[in-house]
Amino acid sequence: MQRAAQRNVRAHDQRAKRLRRALVCAAAVPAVLITAACSSDSGDSSDKGGASGATQTAGSSSATPSASASPTVRAAAYRKLPDSCAVLSKKTLTDLVPKGAKSGKEGSSDDTATRASCSWSSLDNNGVKGSQFRWLNVSLLRFDSDAARGSGDEQAHAYLARQVEDAKAVSGAKNTKSEPVAGTGAEATLVRYDLKKKEGTFKQQTMVARVENVVVTLDYNGAGLAGEKTPSADDLSKDAQKAVKEAVASVSAANGKGSGAGTSSGGSASPSASASKAPSKQASKSPSSSASPSKSAAKKD
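Mapping of the sequence shown onto numbering that gives the first Met the number 0: position 127 corresponds to residue 126, and the numbering continues sequentially without gaps.
Next up, the structure:
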């Protein structure tokens, strides 16, 4: 009986030990799970924070790419043209076209701020001794700066070069001479030649000058008709040079500038430079340069 009681006590103690171990294990499992869960959350947060930081860094990097500089051109210096029939003084007109100083005829233009011209004609009739004929034309052409075509100065320079070449290539011209003229705008060239017609021999002077982004083309010719003496080409050239300086000064004055007699600009270049710098297309508001004043002068004479 005693042994049986001892066995019962030992069995009871063993069961009690097993129950305590089970309770300890049961209590330990939630703590492990909680610790694992916390560790998992902490890792996720760290990963998310790292990913977010990486995304922000990438975003910041991509948000500030180095932007390429957009092309720019120097703004055109002159914005308007003067009244084409008022670019020469009354005295100058009286000297060049004595019988036609008051007969200035303005050329047609759809935009006088870009293109303008005026012409005068004089016939001094000396009866049986013949007559002295003079014809004068002043054309003004202004170019605006454009990113695709270049600055107004560059376009004007290219146009001047073409005008000079056109004047030198007039059909039927004899004794053609071309020379640069100093002290007239940024650049200027004189082209002179003889043109023989049934009425007589005409002495043609074409002066092409540029002041900033404006080109002034002055055509002046004279002839002795019906037996009258042919005028001196040298005298006509001096008159033409004097007149074109006055016209250049009028362009500058119309834009609130100085006389323009010695104006130079960053876009200026030698008149002998190739016209390949000329824009392939004129601006929509720019006038066509297909008909040069020097060619039209030859047709009028």
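Note that CB positions come from ideal geometry on N, CA and C, so glycine has one too.
query, result
"Mapping the DSSP letters down to three states, classify Val169 as helix, strand or coil.", "coil"
"With 16 as the cutoff for other CB atoms within 10 Å, does Pro179 come out buried or exposed?", "exposed"
"The ligand SAM heavy atoms versus the CB of Ala160: any closer than 8 angstroms?", "The model depicted lacks the ligand SAM and carries no ligand whatsoever."
"Identify which residue in Val207, Ala76, Ser251 has its Cα closest to the Cα of Ser236.", "Val207"
"According to DSSP, is Leu80 part of a helix, a strand, or is it coil?", "coil"
"Check for me: the alpha helix (DSSP H) holding Val304 runs from which residue to which?", "Outside the displayed span of the chain (0 to 300) sits residue 304, for which this structure offers no information."
"Threshold first: 3 residues or longer. Then list the beta strand (DSSP E) segments lying entirely within the region 128 to 158, N to C.", "130 to 141"
"Could you tell me the alpha carbon to alpha carbon distance between Arg161 and Gly221, rounded to whole angstroms?", "24 angstroms"
"Given a cut-off of 9 angstroms, decide if Cys84 and Lys98 are closer than it, judged by their beta-carbon atoms.", "no"
"Quick check on the burial criterion: 16 or more other C-beta atoms within 10 angstroms. Buried or exposed for Asn212?", "buried"
"Using the C-alpha atoms, what's the distance from Val214 back to Glu245?", "13 angstroms"
"From the DSSP output, in three-state form, read off Val163 for me.", "helix"
"Taking C-alpha atoms, which residue in Ala187, Asp94, Phe132 lies nearest to His156?", "Ala187"
"Tell me whether Ala202 is buried or exposed, calling it buried when 16 or more other Cβ atoms sit within 10 Å of its Cβ.", "It is Lys, not Ala, that sits at residue 202 in the sequence shown. Buried, because 16 or more other Cβ atoms sit within 10 Å of the Cβ of Lys202."
"Got a sec, what are the start and stop residues for the alpha helix (DSSP H) Leu87 sits in?", "Careful: Leu87 lies outside any alpha helix (DSSP H) and carries neither H nor E."
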